[in-house]
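Numbering (the numbering used here), first residue to last: 789 to 1079.
Laid out in structure tokens, this is it:
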């Protein structure tokens, strides 16, 4: 039972990495707008975010595989659920990714504030207990809250903080659209798996809301994200550059609202990732230009 390198890469779920990259870009753009851009902390923040995302993905693979909730899947292969890798090997991969995030986080704390150690510990605990531990909150319709807080508010404002030394309203405002788009990634992912999750007792928000309401919730997240970008643009017009990414929301929205399932929702997930990344890049550029 030895997974190939390609299977390990697939198990890291690279399609989810825009949710880690986009907030760091936006937080760095906000730092530049506040005349506080610092390259080394920005790169370390990026390493922390990417390592945490990979750690979450491997940890979810391990925990879901142990519980048997990945036995029947519509989406990408899971290492434990498919039998490609042993639970212990996947757990080791998750712990290594957490270790990379932890070491980079300690360096960041040394460069900025030791309070970041506490923040990092909370992030790691939240990442693990998403599907791990005796009471995984991802099984209780709280995954979207985790994503918005940690891949939105904490990631954006934290990236700005390690460069400027302060938490600013601009960073918190800019975190909202990125957090909402990251939530949309999780929503369309869980919409794809809603029938299987319901069968095994995994009560995601999609299971709780049901098929139709989840589809409208997804579109609502995209719409509110665009509206918040417009609101930011009232004070910082260059931020409106991010609206150039808005047309990318149309194809996945059509798929979701037309009742797409299975492979169609996998394509919608990819498109949502592209939308998240493009919005992050353009919003970061707009904020930097507004400084």
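All C-beta atoms, glycine included, are put in the ideal place defined by N, C-alpha and C.
Alpha helix (DSSP H) containing residue i: first to last residue?
| i | result |
| --- | --- |
| residue 852 | 827-855 |
| residue 932 | 931-936 |
| residue 1006 | 999-1023 |
| residue 794 | 793-799 |
| residue 886 | 875-899 |
| residue 1045 | 1038-1045 |
| residue 1028 | Careful: residue 1028 lies outside any alpha helix (DSSP H) and carries neither H nor E. |
| residue 949 | 943-952 |
| residue 867 | 867-870 |
| residue 1035 | Counting along the chain, residue 1035 falls outside any alpha helix (DSSP H), and DSSP gives it neither H nor E. |
| residue 983 | 982-987 |
| residue 923 | Segment: none, residue 923 is in no alpha helix (DSSP H) and carries neither H nor E. |
| residue 905 | 903-917 |
| residue 1067 | 1051-1078 |
| residue 955 | Here residue 955 belongs to no alpha helix (DSSP H), and DSSP marks it neither H nor E. |
| residue 811 | 806-821 |
Looking at C-alpha atoms only, which residue of the options is the closest neighbour of residue i?
| i | options | result |
| --- | --- | --- |
| residue 1010 | 953, 816, 1060, 954 | 1060 |
| residue 1015 | 802, 1043, 1028 | 1028 |
| residue 1109 | 893, 835, 875, 840 | In the structure as shown, the chain starts at 789 and stops at 1079, and residue 1109 therefore has no counterpart that could be examined. |
| residue 848 | 890, 1052, 924 | 924 |
| residue 998 | 1026, 1012, 1047, 1034 | 1047 |
| residue 1001 | 1013, 982, 1017 | 982 |
| residue 934 | 1034, 992, 891, 988 | 992 |
| residue 867 | 892, 799, 1041 | 799 |
| residue 797 | 855, 810, 846 | 846 |
| residue 1021 | 1077, 877, 824 | 1077 |
| residue 929 | 912, 915, 996, 984 | 996 |
| residue 824 | 1026, 880, 854, 900 | 900 |
| residue 855 | 865, 922, 895 | 922 |
| residue 984 | 1050, 1038, 1013 | 1050 |
Answer yes or no: do residue i and residue j have a C-beta to C-beta separation smaller than 8 Å?
| i | j | result |
| --- | --- | --- |
| residue 908 | residue 918 | no |
| residue 794 | residue 872 | no |
| residue 857 | residue 990 | yes |
| residue 885 | residue 843 | yes |
| residue 1019 | residue 1067 | no |
| residue 812 | residue 834 | yes |
| residue 1075 | residue 1003 | no |
| residue 905 | residue 897 | yes |
| residue 820 | residue 1079 | yes |
| residue 850 | residue 882 | yes |
| residue 822 | residue 958 | yes |
| residue 836 | residue 893 | yes |
| residue 1062 | residue 1017 | no |
| residue 945 | residue 937 | no |
Contact check, residue i vs residue j under 8 Å by CB: the rounded distance?
| i | j | result |
| --- | --- | --- |
| residue 994 | residue 979 | 5 Å |
| residue 815 | residue 943 | 7 Å |
| residue 971 | residue 1044 | Between residue 1044 and residue 971 the Cβ distance is about 14 Å, and since that is not below 8 Å, they are no contact. |
| residue 1032 | residue 818 | Residue 1032 to residue 818, Cβ: 19 Å. No contact. |
| residue 1064 | residue 806 | 5 Å |
| residue 1056 | residue 1040 | 4 Å |
| residue 890 | residue 912 | 7 Å |
Handout entry: the stretch 819-834 / the stretch 946-957 touching (three or more Cβ pairs under 8 Å)
Key = yes
Practice task
Spell out a yes or no on whether the stretch 958-968 and the stretch 934-943 are touching, meaning 3 or more CB-CB pairs, one atom from each, closer than 8 Å.
Solution key: yes
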